[in-house]
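Student: Counted from 1, the sequence shown has number 230 at position 106 by this note's numbering; the numbering is strictly sequential. Here it is, the structure in full.
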Amino acid sequence: IGPVQAAGKTPGELQKEIHDLYVPHYYVRLTVTVTSENRVYYVGGEVGHPGPQVYMGETTVVKAIQSAGDFTTFSSHKVWLTRVNSGKRIKVNVDKALKDSTQDPPVYPGDQIQVPRRIF
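Listed below in structure tokens is the structure:
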């Protein structure tokens, strides 16, 4: 069938295009399923469930920490967000972010959030 351009198409649109290229020229019936890789961000350190979290759309540092099981008893509320593309590290005070949404930066696929242990 040759190359098929996937960029800019929804999975449904791509499925239909591939289906129509094969049926009825090569097959009488055909089921085509197009899926994409899960996009994830990572939350590590002192959270309930550290590890990769599925990126479901717009999220922020506070929401990301909550999706990872929230803080443990030993968590510092000053966390680090590392951008995947630039490697830039951003210090986020979660207590301030909870009071002021402008202090709660967005999280993108591939980003990493590190929640350090609080120093007593």
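C-beta atoms are modelled at their ideal positions from N, C-alpha and C, and glycine is treated no differently. On a predicted model such as this, the values are computed, not experimentally measured, just so you know.
(1) Excluding the 5 residues flanking His201 on each side, which residues of the same chain have their C-beta closer than 6 Å to its C-beta?
(2) Alpha carbon to alpha carbon, what distance is there between Val156 and Gln227?
(3) Counting only the same chain and skipping the five closest in sequence on each side, list residues whose C-beta sits under 6 Å from that of His173.
(4) In angstroms with no decimal places, state the Cα-to-Cα distance between Arg242 and Asn162.
(5) When you compare each of Val152, Lys215 and Pro176 to Val167 by their alpha carbons, which one comes out closest?
(6) Asp235 and Thr206 look like a contact to me (Cβ under 8 Å); what is the Cβ gap, rounded to whole Å?
(7) Taking the alpha carbon of Val208 as the reference point, which residue from Met180, Pro240 and Tyr165 has its own alpha carbon closest?
(8) Note down the Cα distance separating Leu138 from Val239, rounded to an integer number of angstroms.
Tutor: On the basis of the supplied data:
(1) Val218 and Asp219
(2) 44 Å
(3) Ala192 and Gly193
(4) 32 Å
(5) Pro176
(6) 7 Å
(7) Tyr165
(8) 40 Å
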